[in-house]
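A.B. asks: Take a look at the following structure, please.
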Amino acid sequence: MNKPFLTDIKTLRERARKHIEQGAVTEGYKADRVTVIKILNEALATEIVCILRYKRHYFMATGISAQSVAQEFLQHATEEQGHADLIAQRIVQLDGEPNFSPEGILTRSHAEYIEGDNLIDMIKEDLVAERIAIDSYREVINFLGNDDPTTRVMMEGILAMEEEHADDLVSMLEQVGR
Ligand SMILES: [Fe+2]
Ligand SMILES: [Fe+2]
């Protein structure tokens with residue numbers, strides 16, 4: 030027996046012609062768009078706080094093992110920037126506005142901005158922040174489920190990289206000596 034196609038082609042075509050000004054957001058979009066945009070703006074704030082913290086740590090890293098650790102901080106900062114860009118772009122696709130306002134950024138962010146007094150503290154604070162991002166992004170992914178697969182797949186990619194970051198930081202801690 031043929032598996033029935035979810036929506037017949039005629040209906041799909043008619044629906045696509047309606048509300049074309051909404052761009053990527055079609056009638057079949059199942060998620061609560063306003064909530065998704067709010068959640069994505071919190072993720073954006075989280076990424077921005079992480080960029081700032083890694084940049085601070087990159088410039089402040091000193092000591093014998095600082096060279097390689099600093100390079101790792103810089104690489105993480107660049108990757109968080111990439112995440113922020115992806116998230117902002119998705120918010121616009123969903124007909125929302127990315128919130129880049131410095132005001133309230135720490136309140137919107139899930140991760141904290143902690144400077145740390147020395148190399149080990151810096152690595153530890155970065156690790157804590159990554160673990161916060163990992164937990165909160167996992168929740169976002171569960172929330173999205175099958176209602177917005179594009180946003181979910183994007184967040185899955187970002188989550189995988191935060192897990193890599195956390196893993197890098199653990200190795201760095203071992204290398205620098207706890
Ligand atoms: Fe990130
Ligand atoms: Fe990260």
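For the sequence shown, position 152 matches number 181 in my numbering, and the numbering has no gaps at all. Positions of the beta carbon are idealized from the N, C-alpha and C atoms, including for glycine. Predicted, not measured: the structure shown is a model, and the values here were computed from it.
1. Compute every distance between the C-beta of Glu-76 and the non-hydrogen atoms of ligand 1, then say whether any falls below 6 Å.
2. Looking at ligand 1, does it come within less than 6 Å of Glu-141, judged from the CB to the closest heavy atom?
3. Tell me the DSSP secondary structure of Pro-127 in three-state form.
4. For His-105, verify whether its CB is less than 6 Å away from any heavy atom of ligand 1.
5. Would you report the Cα separation of Ala-158 and Glu-192, rounded to the nearest angstrom?
6. Runs of 4 residues minimum, wholly inside the region 98 to 179: which ones carry the alpha helix (DSSP H) assignment?
7. Would the region 180 to 197 count as touching the region 60 to 75 if we require 3 or more Cβ pairs under 8 Å?
C.D. replies: The structure says:
1. The answer is yes for Glu-76.
2. Incorrect: Glu-141 has no Cβ contact closer than 6 Å to ligand 1.
3. Under the three-state reduction of DSSP output, Pro-127 falls in the coil class, being neither helix nor strand.
4. Distances from the CB of His-105 to the heavy atoms of ligand 1 are all 6 Å or more.
5. Approximately 11 Å, taken between the alpha carbons.
6. Within the region 98 to 179, the alpha helix (DSSP H) runs of at least 4 residues that lie entirely inside it are, in chain order, 134 to 137 and 148 to 173.
7. Contact between the region 180 to 197 and the region 60 to 75 is present, because at least three Cβ pairs lie under 8 Å.
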